[in-house]
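Notes follow the structure.
2 protein chains.
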Amino acid sequence: MGFRYFALVHHIDLLNPGSTAVRLVNYPRDWVDAFEEGRLYAADPIHRASHTTTMGFAWSKVEAMISLHPRDHAVLAAARSAGLGDGFTIPAHVPGEVNGSCSFAMREGEDLDEEQLPLVQLVGSFAFEAARKIARATIAPIAAAPQLTERQIECVALVARGKTDWEIAKILGVGAETVTQHLKDARDRYGVTKRTMLAIRALFDGAISFTDILR
Amino acid sequence: MGFRYFALVHHIDLLNPGSTAVRLVNYPRDWVDAFEEGRLYAADPIHRASHTTTMGFAWSKVEAMISLHPRDHAVLAAARSAGLGDGFTIPAHVPGEVNGSCSFAMREGEDLDEEQLPLVQLVGSFAFEAARKIARATIAPIAAAPQLTERQIECVALVARGKTDWEIAKILGVGAETVTQHLKDARDRYGVTKRTMLAIRALFDGAISFTDILR
DNA sequence: TGCGTTATCCCCAGAACTGGGGAGGGATCG
DNA sequence: CGATCCCTCCCCAGTTCTGGGGATAACGCA
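So the sequence lines, in the order shown, correspond to chains H and V.
For what it's worth, the working numbering labels the leading residue of the first sequence as 912, then goes sequentially.
For what it's worth, the working numbering labels the leading residue of the second sequence as 912, then goes sequentially.
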């Protein structure tokens, strides 16, 4: 499709050296090095812009999406001088996972064909999802998800909303001791000792969802 | 494309907690009513599944994506008996802000053409983004998702692993009071009062991720 | 230079959680 | 029938959180 460069990455900072993030890049060496040096992960305007939308966008449109600091212009200029031309970035967000994106770029001076955006959007999404599946498969053989009872799930969903046992009891119309007991049982099933972990494990295996929690 | 029903909805909108979420639906009246009546805590399994991926999926594949509670099967059966057949759902996530999906469904009994998925994916994404832009234009300015400091994120990540303040202090090599303070500050930034909610909010907007927590 | 931010530490009181123990009633299944 | 699961309720002791106050030092930015 006429692109010279691509980058399929998780937008992870290097706080956690041990973490397993996806990163496939063929950007110019100079630029990749500069990027790492300056810890641009959080600062890169392209990444920031990708956090504000679900759709792919051309880099030339970034100014209309987020407000650019002088520093951001410097970053973009540095990228150009490293040989990167205009490009598309397709964001990829999954709640509870590191944000990521898939980018395609031209050489400096070459023109971008906006017509291609829909197709690039598709290719980028598929590529990211494929990489994500591989990454996930190589990591987590996490213990099989235990099945919670209905009442337990209701309690956990309310715990995840920050309710106390007493509040949950009022909402469900039962005694506080009962709620405490359901949560004890639920913790046992997951083999965890804290309600925070209980909520997160239930979120992870889909017993509850962000929709249940944040509104 | 042969679809009879569609639904374009925000599951939640953190930044606009009022009544401004997008919702366009032409599902059977019976089903919409039933949907509203029923569940307060455990959401639609289709929605839950949409939180686990960036790509569109066929409803018939949901079982492979999340663990289904018997109640979920009941929900799906109820949808079918209201006239909804198989369908596609395209998730749409923006970190810290919106969480939604765009669905297309057949009538009961009609077959879904899996080949169409890529095209549907595109249409769904565009439709969602268009609706989002309109909704955004009609609403007030957008509050930025709170940004945690590096230390705060480290503490939150460990909270999400079920550590106590004292344990976190040992791990980070600081005093327990310091950890308590970081978590106080982090709770303030998100405007929450419980560490469980803190961990979940940080998860939702990508400050921490499941891979940081569950190894 | 002053101001804001960050990181570090401290005290305290009241609320909330956690891990033990126990117990009764109803439903389902073989 | 007995076994098993689920929901409900109760007691207690110890630990942990939470929300108020404080404080100091380092850093960058204007």
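Virtual Cβ for every residue (Gly too), placed ideally from N, Cα, C.
| said: By alpha-carbon positions, which one of V/N1010, V/D955, V/M966, V/R940 ends up nearest to V/V933? | reply: V/N1010
| Going along the chain, which residues of its own chain have a beta-carbon closer than 8 Å to the beta-carbon of V/L951, five neighbours each way excluded? | Because the pLDDT at V/L951 is just 46, under 50, the model does not fix this residue reliably, and the point stays unresolved.
| Closest Cα partner of V/Y916 within the set V/T1091, V/A975, V/R982, V/R991 | V/R991
| request: Return the bridge partner residues of V/P918 from the DSSP annotation. | output: A quick correction: the sequence has Ala, not Pro, at residue 918 of chain V. V/V936, V/S1014, per the DSSP bridge assignment.
| query | Would you call V/H922 buried or exposed, if buried means 16 or more other Cβ atoms sit within 10 Å of its Cβ? | reply | buried
| Element boundaries [beta strand (DSSP E), containing V/P1002] | 995-1005
| message | Looking at the secondary structure, which residues open and close the alpha helix (DSSP H) in which H/K1095 lies? | response | 1087-1101
| query | Once you ignore the five residues that flank V/E1065 on each side, which residues in its own chain have a CB closer than 7 Å to its CB? | reply | L1083
| request: Say whether chain V places a C-beta atom closer than 9 Å to the C-beta of H/Q1092. | output: no
| Would you call the region 1065-1079 of chain H and the region 1024-1039 of chain H touching, i.e. three or more CB-CB distances under 8 Å? | no
| field | Three-state class that DSSP yields for H/A988 in the structure shown | value | helix
| query | Okay, do the region 993-1012 of chain H and the region 963-972 of chain V touch, 3+ Cβ pairs below 8 Å being the bar? | reply | yes
| task | Output the boundary residues of the alpha helix (DSSP H) element that contains H/P977. | result | One detail in the question is off: residue 977 of chain H reads as Ile in this sequence, not Pro. Counting along the chain, H/I977 falls outside any alpha helix (DSSP H), and DSSP gives it neither H nor E.
| request: Please list the partners that H/K1081 has in chain V, where partner means a Cβ-to-Cβ separation under 9 Å. | output: Per Cβ cutoff of 9 Å: no residues; H/K1081 is ~14 Å from chain V at best.
| query | Under the three-state reduction of DSSP, which class applies to H/A1118: helix, strand or coil? | reply | coil
| query | CB-CB under 8 Å to V/H984, same chain, minus the five flanking residues each way: which ones, in chain order? | reply | none
| query | Mapping DSSP to helix, strand and coil, what is H/A969? | reply | strand
| query | Is the shortest distance between the beta-carbon of V/L1114 and the beta-carbons of chain H less than 9 Å? | reply | yes
| field | Nearest candidate by alpha-carbon position, reference V/R1018, set V/V973, V/L1028, V/G998 | value | V/G998
| task | Return the chain-ordered list of same chain residues with a C-beta closer than 7 Å to the C-beta of H/D941, the five sequence neighbours on each side being excluded. | result | A993
| field | DSSP state of V/A1051 mapped onto helix, strand, coil | value | Model confidence at V/A1051 stands at a pLDDT of 47, short of 50, so the residue's coordinates are unreliable; what they give is reported in the following sentence. It is coil, neither helix nor strand.
| message | Using a Cβ-Cβ cutoff of 7 Å, what residues of the region 1096-1108 of chain V are near chain H? List them in chain order. | response | V1103, T1104, K1105, R1106, T1107, M1108
| query | Assuming H/P1029 and V/L1033 make a contact with CB atoms under 8 Å, what is their CB distance in whole Å? | reply | 6 Å
| task | Determine the direct distance from the alpha carbon of H/K1044 to that of H/T1089, and round the result to whole angstroms. | result | 40 Å
| Sequence-distant residues of its chain with Cβ nearer than 8 Å to V/R1106 (five each side left out) | V1070, L1094, R1098
| said: Please state the DSSP three-state secondary structure of V/W1125. | reply: Here residue 1125 of chain V turns out to be Leu, not Trp, going by the sequence shown. V/L1125: coil per DSSP, three-state reduction.
| field | Rounded separation between V/A1042 and V/R982 - CA only | value | 32 Å
| task | Could you check the C-alpha separation between V/L919 and V/A1016 for me, to the nearest Å? | result | 12 Å
| Neighbour-count burial assignment, V/L935, 16 or more Cβ in a 10 Å radius | exposed
| said: Rounded to the nearest angstrom, what separates V/G1020 and V/G996 at their Cα positions? | reply: 6 Å
| Looking at H/V943 and H/I957, is the spacing between their C-beta atoms short of 9 Å? | no
| message | Using the three-state DSSP reduction, which class does V/T964 fall into: helix, strand or coil? | response | coil
| query | For H/Q1027, which three-state DSSP category applies? | reply | helix
| Classification of H/A1118 by the beta-carbon crowding that lies within 10 angstroms, buried from 16 upward | buried
| said: Strictly below 8 Å CB to CB, what residues from chain V border H/T965? | reply: A1003, H1004, V1005, S1036, F1039, E1040, R1043
| query | Roughly how many whole angstroms lie between the Cα atoms of V/A1046 and H/G1102? | reply | 43 Å
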